[in-house]
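First to last, the protein sequences are chains A and B.
For the first sequence, the residue numbers in this note's numbering are 73 to 496.
For the second sequence, the residue numbers in this note's numbering are 73 to 496.
Read the structure below first, then the notes.
2 protein chains.
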Amino acid sequence: MASWIPVEAISDFSLQNLPYGIFSTANSDPRVGVAIGEYVLDLKVLATEGIFEVPGLEIQTLRQPTLNAYAALGKNVHSGVRQRLQKLLESDTQSAHVLRDNQRLREKALVPLNNVQMHLPMSIGDYTDFFVGLHHAVTCAGLVKPGGTIETLCPCFYNLPVAYNGRASSVVVSDTPLHRPNGQFPVDGKLVSGPCRKLDFEVEFACFVGRGNELGEPIDVNSAEDHIFGFVLMNDWSARDIQMYEATLMGPFNGKSFCTTVSPWIVPLEALEPFRVAPKETPRELPDYLMQKQEKSAYNIPIRATLGANNQRYRVADCNTNNVIFSFAQMIAHHTRGGCPLRAGDLIATGTLSGPNRENAGCLLEQTRGGTDPYEMIAEDSAAGNVRRAYLEDNDIITFTAQAMSSRGNVGFGSCAGKILSAP
Amino acid sequence: MASWIPVEAISDFSLQNLPYGIFSTANSDPRVGVAIGEYVLDLKVLATEGIFEVPGLEIQTLRQPTLNAYAALGKNVHSGVRQRLQKLLESDTQSAHVLRDNQRLREKALVPLNNVQMHLPMSIGDYTDFFVGLHHAVTCAGLVKPGGTIETLCPCFYNLPVAYNGRASSVVVSDTPLHRPNGQFPVDGKLVSGPCRKLDFEVEFACFVGRGNELGEPIDVNSAEDHIFGFVLMNDWSARDIQMYEATLMGPFNGKSFCTTVSPWIVPLEALEPFRVAPKETPRELPDYLMQKQEKSAYNIPIRATLGANNQRYRVADCNTNNVIFSFAQMIAHHTRGGCPLRAGDLIATGTLSGPNRENAGCLLEQTRGGTDPYEMIAEDSAAGNVRRAYLEDNDIITFTAQAMSSRGNVGFGSCAGKILSAP
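Here's what the structure looks like:
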């Protein structure tokens, strides 16, 4: 598929992608847009011009400052809008003239990406962080407790998608800086209160919920994908010293709740169809409510983490969304099994997506063996020297990017970045 | 203080209380009200009539279907409205005539409690459950792990208010029935998937946040009370078998997220002034950010739990809000220490408020020693036989009530009740 809008070969935003975001410009309030090449298509403008004729589409949902109302309309509406947008933007369709040949509308509806500010795309009711990364779990079990295995520390790990409730209020959009958190933790056997000394990132993949469910009405695993609006990259920033001290009984709290960063563009479920793979360790025996007919229920998408420091960029890790032992559909089926309601805008993440080797470690806890073995990060500019990190330093910038390539075009996620400011 | 509205000696809702709620009638949509005696005062009607002249009060906040916008106005506004309401309702003030002697307005603004339906009073952004109950923690440590103590299982217990993030979407208002949840758990060493067999309640006390804070800007412990809008009773329903199996690493998830019930009336902070007491185990050494100048930072409020079954009512437990080792101000200071934002409508709970003896156990896990020693519950009607429970059965109704008595009038919370329906 080619578009009449120029899409570079390296662009994240081909016609196969068409991710949703909330953007503003110097002259406009936050509104719904779709990325294509180096542009954002202003869906509020298109809606006002009566461009959409999609059954079930309530046009006012495209005039909101978040995507919640639109996401709640459900899969069929999103699919219809996607097809309509592809027809408007594809070179060789009869519909292309509607926008391409209408200079007034084009100038109004197409905004250069360079001119926009991105916002948190959804109002997040609840944020859930799962723990379904195979290598992350196995490696961390050994690090958290000497001789520990994931089977002894978490006997349910292979039998159900383990999760904890995250903090919704501290989820921010990419490029929002964050302060190193203060907290309590032991140092050399003595309890101290002050700035975190073991600040870490976590490479994660997350979905936003579209249509929800009612209290007491579980979602079947085989229709669970219909409840997914789309996907983002996520950095689950972690204060390891605070986390390890507080989380012996009740799970992570202040060790995580100081900031969680998501990428601004929500990539639709349909855009990821070409990249389906089976989750790890499948098939295996599971209870009926987790038995998903679709075997290729995970995705093969490489995610790269880089460090920005000293005005250089360094390679940190290469992870992949396929390093999971449960699919999003299984996570949703488990999440709602007891009747918990999901709502449009809920954020559901995988946990850290480490691969098998050190260069695939999705967090420094793993990569530096709990901070005991600093990791050498290679500068992208070969003339620059490398850097070593045990944990993150003030002014470090961690950026995740991800791009999946198919014959139908690239599907990328933009970037998920955050700069660390000193403790307040 | 006496009101010209009759307030029975046993009423929860004296002039000293004036709790906020969201109510509707057959003829009106959900709106803000204040309980007094056997009536609800319709604040939307009063606001429309121009009755309020309180600096900083944005009248449209009293026309919303939740209390979020009003709560966000902050302590001074709430204090001003409370004083104005007391003047309108007190027998001997010059302002009493405004409502008392205006039959048209009185008939419009005073709605009998019997005629209203109560709704969840706030839209809850995030719900946090702390674990600061002294006796609950000590007893459960021994039950969860043979020979376990709270010091070994949770070394930070006395040094910081331990907490986990709860699930906001499954918080419901009193009288909402709940289904017994399905889940995975081991039975006799074999993993099963099906209805929970160890369904429990937890007696808790909770506050709703009024004014919030920004990301990265902690709240000082000595101004933290200014961020509390008011208090409710809370039942943190728990599926012990699901919880024990899932929560070894990441804390409670499906074991709690199927339902959490709150009482409908938010009792203002000011109403509880006469009931201040110091938390347990104080003073003790704590880091600066937890050093609260106000020593009487907890409350002495008895909470009673009863069981409704076989058309009888049985006494289950007598707890007290004073069984905590940290105050709400300390919880808020700790919660925001790393920069986590609180928002108006956030729900913050204490954890289970068990007292020292078996009749004070705030959950069946404690009262029946993990279900091994069923507890005999005494019928309120002495002619009826007693019942025994290891854990809760279908059709059981658990109700919490609480009333604190002072010379200025009773402060009660209405009831926090839920009936258990069978698993779906």
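For each residue, glycine too, the CB sits at the ideal point set by N, CA and C.
Would B/ASP198 pass as an interface residue toward chain A - the criterion being a Cβ-Cβ separation below 8 Å?
Mapped onto the second sequence, residue 198 of chain B falls at position 126. Chain A, which has a Cβ nearer than 8 Å to the Cβ of B/ASP198, makes this yes.
Give a yes or no on whether the C-beta atoms belonging to B/HIS251 and B/LEU414 are separated by under 8 Å.
Stepping through the second sequence from its first residue, residue 251 of chain B is reached at position 179. Stepping through the second sequence from its first residue, residue 414 of chain B is reached at position 342. No, they are not a contact pair.
Could you tell me which residues DSSP pairs with B/PRO340 in its beta bridges?
As a first step, residue 340 of chain B is located in the second sequence; it is residue number 268 there, counting from the start. BP columns for B/PRO340 point to B/GLY302.
On the CB-based measure, 16 or more other CB atoms within 10 Å of its CB, does A/GLN439 come out buried or exposed?
Stepping through the first sequence from its first residue, residue 439 of chain A is reached at position 367. Under this definition A/GLN439 is a buried residue.
Using C-beta distances below 7 Å, list every residue in its chain close to B/PRO258, excluding the 5 sequence neighbours before and after it, in chain order.
On the second sequence, residue 258 of chain B is found 186 positions in, with the first residue counted as 1. Same-chain partners within the cutoff: TYR317.
So with Cβ pairs under 8 Å, would you call B/SER242 a contact of chain A?
Within the second sequence, numbered from 1, the residue matching residue 242 of chain B stands at position 170. Output row for B/SER242: interface = yes.
Could you check if A/GLU448 belongs to the surroundings of the ligand COA, using beta carbon to heavy atom distance under 7 Å?
Absence of the ligand COA from the depicted structure is noted, as is the absence of any ligand whatsoever, leaving it without description.
Just the Cα atoms here: how many angstroms apart are A/GLY427 and B/ASN326?
The residue given as residue 427 of chain A occupies position 355 in the first sequence. The residue given as residue 326 of chain B occupies position 254 in the second sequence. Distance between the alpha carbons of A/GLY427 and B/ASN326: 28 Å.
Would you tell me roughly how many angstroms separate the C-alpha atoms of B/ALA474 and B/ASP114, rounded to the nearest one?
Against the second sequence, residue 474 of chain B aligns to sequence position 402. Against the second sequence, residue 114 of chain B aligns to sequence position 42. Going from the Cα of B/ALA474 to the Cα of B/ASP114 covers about 24 Å.
Name the one or two DSSP bridge partners that A/HIS251 has.
What you label residue 251 of chain A is simply residue 179 of the first sequence in a count that begins at 1. Answer is A/LEU493, bridged to A/HIS251.
In whole angstroms, what separates the C-alpha of A/SER265 from that of B/ARG409?
On the first sequence, position 193 is the one that residue 265 of chain A refers to. On the second sequence, position 337 is the one that residue 409 of chain B refers to. Cα to Cα, the separation comes out at about 10 Å.
Can you check which of these residues, A/LEU139, A/VAL243 and A/LYS365, is closest to A/ASP308 by C-alpha distance?
By 1-based counting over the first sequence, the position of residue 308 of chain A is 236. Nearest of A/LEU139, A/VAL243 and A/LYS365 to A/ASP308, Cα basis: A/VAL243.
8 Å is my cut-off, CB to CB: does A/ILE291 come that close to chain B?
Taking the first sequence and counting its residues from 1, one reaches residue 291 of chain A at position 219. No, A/ILE291 does not count as interfacial toward chain B.
I need the straight-line Cα distance from A/GLY146 to A/GLY261, nearest angstrom please.
For the purposes of this step, residue 146 of chain A is taken as the residue at position 74 of the first sequence. For the purposes of this step, residue 261 of chain A is taken as the residue at position 189 of the first sequence. So the alpha carbons of these two residues sit roughly 53 Å apart.
Only counting runs of 4 or more residues, tell me where the alpha helix (DSSP H) segments fall wholly within the segment 403-469 of chain B, in order along the chain.
You should have 436-439.
Rounded C-beta distance between B/PRO102 and B/VAL339? I'm assuming under 8 Å.
Numbered from its first residue, the second sequence carries residue 102 of chain B at position 30. Numbered from its first residue, the second sequence carries residue 339 of chain B at position 267. Not a contact, Cβ separation roughly 19 Å.
Check whether the Cβ atoms of B/PRO193 and B/GLY122 sit closer than 8 Å, and answer yes or no.
The residue labelled residue 193 of chain B in the question sits at position 121 within the second sequence. The residue labelled residue 122 of chain B in the question sits at position 50 within the second sequence. The answer is no: Cβ separation not under 8 Å.
In chain order, what residues of the same chain lie with their CB nearer than 6 Å to the CB of A/GLN315, ignoring the 5 residues before and after it?
Residue numbering aside, residue 315 of chain A sits at position 243 when the first sequence is read from its first letter. If we look at A/GLN315 and ignore the five residues flanking it on each side, its Cβ neighbours are PRO324 and GLY327.
Could you tell me the distance, in whole angstroms, from the CA atom of B/GLN175 to the CA atom of A/ARG239?
Walking along the second sequence from the start, residue 175 of chain B turns up at place 103. Walking along the first sequence from the start, residue 239 of chain A turns up at place 167. Cα to Cα, the separation comes out at about 49 Å.
Roughly how many angstroms lie between the CA atoms of B/PHE163 and B/ALA74, to the nearest whole one?
Your numbering for residue 163 of chain B matches position 91 in the second sequence. Your numbering for residue 74 of chain B matches position 2 in the second sequence. Position check: residue 163 of chain B holds Ser in this sequence, whereas Phe was assumed. Taking the straight line joining both Cα atoms gives about 6 Å.
Find the nearest neighbour of A/ALA416 within the set A/THR133, A/CYS226, A/PHE398 and A/VAL183, judged by alpha-carbon distance.
Position 344 of the first sequence, counted from the first residue, corresponds to residue 416 of chain A. Measuring from the Cα of A/ALA416, the nearest candidate turns out to be A/THR133.
Could you spell out where the alpha helix (DSSP H) holding A/MET316 opens and where it closes?
For the purposes of this step, residue 316 of chain A is taken as residue 244 along the first sequence, with counting starting at 1. That run of the alpha helix (DSSP H) goes 312-318.
Anything in chain B within Cβ reach of A/VAL210, meaning under 7 Å, just list it in chain order.
Position 138 of the first sequence, counted from the start, is the residue given in the question as residue 210 of chain A. Those do not exist, as A/VAL210 stays about 13 Å from chain B at its closest Cβ, beyond 7 Å.
Would you mind working out which of A/SER195, A/GLN158, A/THR248 and A/ALA119 sits nearest A/ALA141, comparing C-alpha positions?
As a working mapping, residue 141 of chain A is identified with position 69 in the first sequence. A/ALA141 has its Cα closest to that of A/SER195, out of A/SER195, A/GLN158, A/THR248 and A/ALA119.
Which residues does DSSP list as the beta-bridge partners of A/PRO267?
Taking the first residue of the first sequence as 1, we reach residue 267 of chain A at position 195. Note: A/PRO267 sits in a beta bridge opposite A/ASN254.
Anyone know if the C-beta pair for A/ALA389 and A/ILE470 falls short of 8 Å?
In the first sequence, counting from the first residue as 1, residue 389 of chain A sits at position 317. In the first sequence, counting from the first residue as 1, residue 470 of chain A sits at position 398. Not closer than 8 Å, so no.
Are B/VAL245 and B/PHE280 close, meaning C-beta to C-beta below 8 Å?
Residue 245 of chain B sits at position 173 when you count from the first residue of the second sequence. Residue 280 of chain B sits at position 208 when you count from the first residue of the second sequence. No, the pair does not count as a contact, with Cβ atoms beyond the cut-off.
Look at the alpha carbon of B/VAL183 and the alpha carbon of B/THR120, and state the distance between them as a whole number of angstroms.
Translated into positions along the second sequence, residue 183 of chain B becomes position 111. Translated into positions along the second sequence, residue 120 of chain B becomes position 48. Looking at the two C-alpha atoms, the distance is approximately 16 Å.
Contact between the segment 78-86 of chain A and the segment 103-111 of chain A: three or more CB pairs below 8 Å?
Enough Cβ pairs lie closer than 8 Å, so yes.
A/VAL349 and A/LYS368 look like a contact to me (Cβ under 8 Å); what is the Cβ gap, rounded to whole Å?
Mapped onto the first sequence, residue 349 of chain A falls at position 277. Mapped onto the first sequence, residue 368 of chain A falls at position 296. With a Cβ gap of about 6 Å, A/VAL349 and A/LYS368 count as contacting.
Apart from the five residues just before and just after A/GLU297, which ones in its own chain have a Cβ nearer than 6 Å to its Cβ?
Position 225 of the first sequence, counting from 1, holds the residue named residue 297 of chain A. Contacts found: ALA401.
If I'm right that B/VAL275 touches B/PHE472 with Cβ under 8 Å, what's the distance once you round it to whole angstroms?
Taking the second sequence and counting its residues from 1, the one referred to as residue 275 of chain B is at position 203. Taking the second sequence and counting its residues from 1, the one referred to as residue 472 of chain B is at position 400. Confirmed, about 6 Å.
Determine, using beta carbons only, whether B/THR354 and B/TYR371 come nearer to each other than 8 Å.
Position 282 of the second sequence, counting from 1, holds the residue named residue 354 of chain B. Position 299 of the second sequence, counting from 1, holds the residue named residue 371 of chain B. Contact: no.
For A/ASP313, count neighbouring Cβ atoms within 10 angstroms of its own Cβ and tell me buried if that reaches 16, exposed if not.
Taking the first residue of the first sequence as 1, we reach residue 313 of chain A at position 241. Classification of A/ASP313: buried, given that the 10 Å Cβ count is 16 or more.
Just tell me which of A/CYS212, A/LEU419 and A/LEU171 has its CA closest to the CA of A/GLY443.
Position 371 of the first sequence holds residue 443 of chain A. Checking every option, the nearest Cα to that of A/GLY443 belongs to A/CYS212.
Between the Cα of B/LEU171 and those of B/ILE77, B/GLY255, B/THR248 and B/ASN237, spot the shortest distance and give me the residue it belongs to.
Stepping through the second sequence from its first residue, residue 171 of chain B is reached at position 99. Residue B/ILE77 is the option with its Cα nearest to B/LEU171.
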